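In the numbering used here, the protein residues as written are 68 to 428.
Printed below as a string of structure tokens:
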């Protein structure tokens, strides 16, 4: 057992929140039903959480519905306090994202964490297994829906007119344990769980070792990206709307819009974005407000911020969080994109430019 899992289990033992009967040992593709509100509330503490992982109001719309397991959330990354990789126990991702309806319209669209205790197995015929239909034996915490909603935000102690929000992402440091990047067992589980294919894992880890050597000798890593030189960054306004087709510009074009810290008007161009250069995608959303995971405050974005359909972090290049299954949406400045005027200009799907090929399964 790695140190991350040991720490989480010690915390769970102290709180007595998780029981063996609530561990399903799910696999990718398993069909599950989200338990009823009553069953889920019976697993929650007074803060509306299980093992410090909040059950959010946005998740209530899925109760009683069946979904296949998308990925095992055995690990994740900490974007709240930047501590790197984190170990998570008895948790999965379904292909469901938070719509922000319980957090004043946050538009981050995060992939939701589901504790196995909130789910029931469904057999191959679509029927609940007999043992899964039994109501949770956890003691009733007296937690009501109104309390669940109240747990999502509170007034700031110093500025009463400002709300401090709590969600799964703000609580990742509390709901997880440290997972060192060099612990090889996590990568074995990435493959054995089905989260990642063997070929992809080998390529990503091989590249990570190459880049580590390059950093020590002062060489350039892969994928290579032009070094930005600007001190002030330009703005490109396209007024993109949801559903429009856009093409991501080349690395050289994007580098010319960045300052020496790889930012355009404050937005960081992460190494994970390079793989999408040259590809053509539809605009999924214009993001104007998101919760700051470090402070819990709602952040109103002053500049253009675009999310593209099917474009999310694959954690293939980032140090300390390789192969994280969280799939955070990438944010794009309009100046990093070019409008594709009409579908006819793109042609059929085979003619649509693909992302830069960096990974080979």
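The C-beta atom is built at its ideal place from N, Cα and C for all residues, glycine as well.
In this text, all values refer to a predicted model and were calculated from it rather than measured experimentally.
inquiry  = With a threshold of 6 Å on Cβ separation, who are the neighbours of residue 297 within its own chain once the five nearest residues in sequence on each side are excluded?
reply    = 326
query = Nearest CA to the CA of residue 137: which residue from 94, 259, 175?
reply = 94
Beta-carbon contacts of residue 126 that lie in its chain and below 7 Å, excluding the five residues immediately before and after = 179
key: Length of the line joining the Cα atoms of residue 408 and residue 312   = 7 Å
key: the stretch 254-271 contacting the stretch 298-312, beta-carbon criterion three pairs below 8 Å   = no
ask   = Do the stretch 272-287 and the stretch 316-325 meet, that is, are 3 or more Cβ pairs less than 8 Å apart?
value = no
ask   = Pick from 124, 149, 404: whose alpha carbon is nearest that of residue 349?
value = 404
ask   = How far does the beta strand (DSSP E) with residue 145 in it reach, from first residue to last?
value = 142-145
ask   = In the DSSP assignment, what residue or residues form a beta bridge with residue 439?
value = Outside the modelled stretch of the chain, which goes from 68 to 428, sits residue 439, for which no answer is possible.
inquiry  = Quick check on residue 304: does DSSP put it in helix, strand or coil?
reply    = coil
request  = Give a yes or no on whether the C-beta atoms belonging to residue 381 and residue 389 are separated by under 7 Å.
outcome  = no
inquiry  = Does residue 367 pass the burial test, meaning 16 or more other C-beta atoms within 10 Å, or should it be called exposed?
reply    = exposed
inquiry  = Does the stretch 336-346 come into contact with the stretch 140-150, if we say contact requires no fewer than three beta-carbon pairs (one atom in each stretch) closer than 8 Å?
reply    = no
message = Does residue 277 pass the burial test, meaning 16 or more other C-beta atoms within 10 Å, or should it be called exposed?
response = exposed
message = Assess contact between the stretch 164-176 and the stretch 251-267, defined as three or more Cβ pairs (one per stretch) separated by less than 8 Å. Is contact present?
response = no
request  = Since I believe residue 216 is in contact with residue 120 (beta carbons under 8 Å), could you give me their beta-carbon distance rounded to a whole number of angstroms?
outcome  = About 17 Å; that fails the 8 Å criterion.
request  = Within the same chain, show all residues whose beta-carbon is closer than 8 Å to that of residue 132, passing over the 5 residues directly before and after it, in chain order.
outcome  = 100, 101
request  = Pull up the distance between the alpha-carbon of residue 257 and that of residue 402, whole angstroms please.
outcome  = 35 Å
query = Does the Cβ of residue 295 have 16 or more other Cβ atoms within 10 Å, making it buried, or fewer, making it exposed?
reply = buried
ask   = Given that a residue counts as buried once 16 or more other Cβ atoms are within 10 Å of its Cβ, and exposed if not, what is residue 169?
value = buried
key: residue 151 - partner residues in DSSP beta bridges   = 145
request  = Put residue 369 into one of helix, strand or coil per three-state DSSP.
outcome  = coil
ask   = Under 7 Å between the Cβ atoms of residue 115 and residue 231?
value = no
inquiry  = With a threshold of 7 Å between beta carbons, is residue 269 in contact with chain B?
reply    = Here chain B cannot be found, since the structure has a single protein chain.
ask   = What residues match up with residue 326 in a beta bridge as DSSP calls it?
value = 297
key: Range of the contiguous alpha helix (DSSP H) that encloses residue 283   = 265-284
ask   = In angstroms, rounded to a whole number, what distance separates the CA positions of residue 158 and residue 117?
value = 11 Å
request  = Give a yes or no on whether the C-beta atoms belonging to residue 107 and residue 181 are separated by under 7 Å.
outcome  = no
key: Neighbourhood of residue 281 by C-beta, 7 Å cutoff - its chain only, sequence neighbours within 5 removed   = 287, 288
key: Contact check, residue 155 vs residue 243, beta carbons under 7 Å   = yes
request  = Could you tell me which residues DSSP pairs with residue 396 in its beta bridges?
outcome  = 379
task = Would you please state the rounded distance, in angstroms, between the beta carbons of residue 123 and residue 219? I believe it to be under 8 Å.
result = 7 Å
message = Measuring straight from C-alpha to C-alpha, what distance separates residue 279 and residue 144?
response = 20 Å
key: Assumed close pair residue 140, residue 293 - CB separation to whole angstroms, cut-off 8 Å   = Residue 140 to residue 293, Cβ: 35 Å. No contact.
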